[in-house]
Amino acid sequence: MKIEIGNTKPDHFATYWPEQYELFSHFEYACGIPSVLHTITTLKENGKPNVNFNFAASFTGDGDGYFAIVPLMQHSHTYQNIKRSGEFVINFVSKDYYDHCYDTITHNEEDTDELEAGGFHREAAKTVSCPRMQEAFLVLECKLEKELDLSGSGKAALLIGRVNHIAMEEKYAEGIDAKYDDNGFMQIIHAPKNLKTGEGQASAVAVCKVVRVNEEG
Ligand SMILES: Cc1cc2nc3c(=O)[nH]c(=O)nc-3n(C[C@H](O)[C@H](O)[C@H](O)COP(=O)(O)O)c2cc1C
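The opening residue of the sequence shown carries number 153 in my numbering; numbering runs sequentially from there.
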């Protein structure tokens, strides 16, 4: 039997922090869909590096382009930096850097070099002026092409950036390899609820586990 949930937040869904359901839909906690964690690096107006720990971007395209589709809160510095410069870099680091990424959230002041605050090192990008994370095994250099106000309420925006250049660490560049083991893509399981009790606020960090390889693609 399936548990059905509609557009109205179920009454028994517990609230654990103010604005929990203003920032995220109850569907987010009901579905528990895992997402790949990454950071977005941009430059602040004063030239210092800004880092945004992000979990909701996706990556797709067609023969005429590959795109980073990035939901961002419009009040975030990253949103404002991208709107000003039209540029950003997506960085993928392994699970060992989770706490480092988190440190960039707690050091979010205008005067802070957020790469330094997270213990990361700056690496020059090839096609944009904002920096890459040296510790990332994969970086995507992007230029903003489109924007959408997701719910129409001015909270979350969807920014679509064209990927113009990527760089991959050599040992992650061999197909089905380290990208999908313990040191590869880090995922977040964002506070899935027990749908019967409405309780649960724990999130989890996960990695990929390859269960099958299709030789024919
Ligand atoms: C695990 C995790 C995932 C996050 N994912 C996002 C996200 O997808 N979008 C977003 O706008 N903020 C997300 N945040 C919150 C931002 O990282 C945080 O607000 C950050 O300080 C914003 O930085 P900025 O204002 O310099 O852009 C996430 C935080 C954590 C801990």
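All C-beta atoms in this analysis are idealised placements derived from N, C-alpha and C, irrespective of residue type, glycine included.
Here the structure is a predicted model, which is why all the values come from computation and not from measurement.
Cα-Cα separation between residue i and residue j, rounded to whole angstroms
i, j, result
"PHE219", "ARG314", "5 Å"
"TRP169", "ALA330", "37 Å"
"ALA276", "GLY213", "26 Å"
"CYS360", "HIS273", "26 Å"
"MET338", "MET225", "21 Å"
"THR193", "LYS200", "10 Å"
"ASN316", "LYS235", "18 Å"
"GLU367", "GLY336", "21 Å"
"TYR173", "ALA166", "10 Å"
"GLU180", "ASP301", "18 Å"
"HIS229", "VAL203", "9 Å"
"VAL291", "LYS278", "11 Å"
"ASN260", "GLU266", "7 Å"
"ILE370", "ILE157", "With the chain covering 153 to 369 only, the question about residue 370 has no answer from this structure."
"ALA257", "GLY350", "For the record, residue 257 in the displayed sequence is Ile; it is not Ala. About 28 Å."
"MET285", "GLY271", "10 Å"
"PRO344", "CYS183", "7 Å"
"VAL363", "ASP333", "11 Å"
"ALA354", "HIS342", "8 Å"
"GLU287", "LYS323", "13 Å"
"ILE242", "HIS190", "7 Å"
"SER210", "LYS298", "15 Å"
"ALA269", "PRO223", "24 Å"
"HIS252", "SER246", "11 Å"
"LEU175", "GLY306", "11 Å"
"GLU321", "PHE244", "11 Å"
"ILE340", "PHE205", "11 Å"
Identified DSSP bridge partners for residue i
i, result
"TYR173", "Paired residues: none, contrary to the question."
"TYR218", "GLY213"
"ALA358", "GLN339"
"MET225", "ALA308"
Supposed contact pair residue j and residue i - C-beta distance, whole angstroms, cut 8 Å
i, j, result
"LEU347", "ILE155", "5 Å"
"TYR250", "VAL357", "6 Å"
Quiz item: Which ranges would you report for the beta strand (DSSP E) in the segment 179-214 if only whole runs of at least 3 residues count?
Solution: 190-195, 201-206 and 210-214
Quiz item: Curious, which full-length beta strand (DSSP E) runs of at least 3 residues does the segment 231-299 contain?
Solution: Listed in chain order, they are 239-244.
Exercise. Run through the segment 302-349 for me and flag every whole alpha helix (DSSP H) of 4 or more residues, listed as ranges in chain order.
Key: none
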